[in-house]
Amino acid sequence: MTPKSKIFIAGHNGMVGSAIYRKLRKFEGTEFKLITRSRIKLDLTDQAKVRSFFESEKPDQIYLAAAKVGGIHANDTYPAEFIYQNLMIQNNIIESAFQTGVKKLLFLGSSCIYPKLAAQPITEDEILKGKLEPTNEPYAIAKIAGIKMCESYNRQYGLSHGIDYRSLMPTNLYGPGDNYHPDNSHVIPGLIHRFHTAKVQKTRVVNVWGSGNVLREFLHVDDLADASIYFMNMDQKTYGSKVHSMQNHINIGSGQEYSIKELAILVSKVIGFNGEISFDSSKPDGSPRKLLDISLAECLGWRANIGLQNGIKKTYHSFLEENGVAK
889 MTPKSKIFIA
899 GHNGMVGSAI
909 YRKLRKFEGT
919 EFKLITRSRI
929 KLDLTDQAKV
939 RSFFESEKPD
949 QIYLAAAKVG
959 GIHANDTYPA
969 EFIYQNLMIQ
979 NNIIESAFQT
989 GVKKLLFLGS
999 SCIYPKLAAQ
1009 PITEDEILKG
1019 KLEPTNEPYA
1029 IAKIAGIKMC
1039 ESYNRQYGLS
1049 HGIDYRSLMP
1059 TNLYGPGDNY
1069 HPDNSHVIPG
1079 LIHRFHTAKV
1089 QKTRVVNVWG
1099 SGNVLREFLH
1109 VDDLADASIY
1119 FMNMDQKTYG
1129 SKVHSMQNHI
1139 NIGSGQEYSI
1149 KELAILVSKV
1159 IGFNGEISFD
1169 SSKPDGSPRK
1179 LLDISLAECL
1189 GWRANIGLQN
1199 GIKKTYHSFL
1209 EENGVAK
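In this note's numbering, each number is its position in the sequence shown, counted from 1, plus 888.
Written out as structure tokens, the structure reads:
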């Protein structure tokens, strides 16, 4: 990056995009200029508008963090929206980036790209080796398409046009700016909302979806932002030494896993809920286990820094601030 570089963060109002924005904002002006557009001002599913925006702004780097996201309930309820909107957003941005001469792009995916019964911990080469988790298959297919689109553009145009489009696959994310809807959220924000509401309303029992036995890995969104900037700006020789043309994505995770029961207990303690926790086994669990192999990221010099308990404390504090509620 140089003082004249222009960086576009697609999805800067979302959880991931806003985390990247916060980190980059500290250096804006001295090293580069940030470009953002709200959804109202730029519909990323509109090909013509995206192309026009790129032709006008001419960014040098793009963080592709824009996406339609949600938990198990949302993915299972709105599958058409999840596959259509995510495909349109990433297709428009990647193609317009190429057509307008953007050399550097980072695509943010999801660990749901891997098969439901993938070997654990999940290495990058597990992609396309088995059936996906049915509840979020449409979203996962869109993300797989984004990875392969970046790889395909690199293969066809990397040498001739000097482009370098990369992909990171984060594990389950949480942190400031998350969606705390009681039904359409991911597990940590959903639990924070339920336990906080129960504490305020003095409810005796909190019900949690699933058996509580499945294992999950969690990553604070600020760690992902750090990884995104780190890998975006890594020199091509170093990055290319550990990936290849048909598989150039990198897993980003914490390397630690917890059962949903352990997580629920931890969240309840952070919030100060002293009642009973009940698990509803009639609700879907999703994949039995999903731990990423992060050895490639570590080999390239990156590691997560925010522990789960500290991360949940920070997230609960941001939840209180964002929602204007009392403890």
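Using N, Cα and C, we set each Cβ at its ideal position, and we do this for glycine too.
Member of the options whose CA lies at the smallest distance from the CA of residue i
i: Ser-1055; options: Lys-1087, His-1069, Asn-1121; result: Asn-1121
i: Ile-1148; options: Gln-973, Glu-1210, Val-1109, Pro-1077; result: Pro-1077
i: His-1081; options: Asn-1067, Val-1093, Asp-1168, Lys-1090; result: Asn-1067
i: Arg-910; options: Asn-963, Asn-980, Pro-1064, Cys-1038; result: Pro-1064
i: Lys-956; options: Gly-997, Leu-993, Lys-929, Ser-984; result: Gly-997
i: Gly-1189; options: Tyr-1204, Ile-1138, Ser-1206; result: Ile-1138
Span separating the alpha-carbon of residue i from that of residue j
i: Val-1096; j: Gln-987; result: 47 Å
i: Ile-1194; j: Ile-1182; result: 15 Å
i: Glu-919; j: Ser-893; result: 7 Å
i: Asn-1211; j: Met-1134; result: 44 Å
i: Phe-896; j: Ser-984; result: 13 Å
i: Gly-1098; j: Ile-1029; result: 24 Å
Per-residue burial, residue i [other beta carbons within 10 Å of its own, 16 or more giving buried]
i: Ala-1152; result: buried
i: Glu-943; result: exposed
i: Ala-953; result: buried
i: Met-1037; result: buried
i: Met-1057; result: buried
i: Lys-914; result: exposed
Under the three-state DSSP convention, the category residue i falls into
i: Met-1120; result: helix
i: Asn-980; result: helix
i: Lys-921; result: strand
i: Ala-898; result: strand
i: Glu-1105; result: strand
i: Met-1057; result: strand
i: Asp-964; result: helix
i: Asn-939; result: The displayed chain sequence assigns Arg, not Asn, to residue 939. The answer is helix: DSSP assigns Arg-939 an H, G or I state.
i: Asp-1114; result: helix
Cβ pair residue i, residue j closer than 8 Å
i: Leu-930; j: Asn-980; result: no
i: Leu-1103; j: Arg-1177; result: yes
i: Glu-1105; j: Asn-1060; result: yes
i: Tyr-1204; j: Val-1131; result: no
i: Gly-1163; j: Val-1093; result: yes
i: Thr-965; j: Gly-1174; result: no
i: Phe-995; j: Gln-978; result: yes
i: Lys-991; j: Ile-1051; result: yes
Neighbour flag for residue i against chain B, beta carbons, 8 Å
i: Arg-1082; result: Looking at the structure shown, chain B is missing, and only one protein chain is on hand.
The ligand ATP heavy atom lying under 7 Å from the CB of residue i
i: Asp-1114; result: Among the components of this structure there are no ligands whatsoever, and the ligand ATP is therefore not found.
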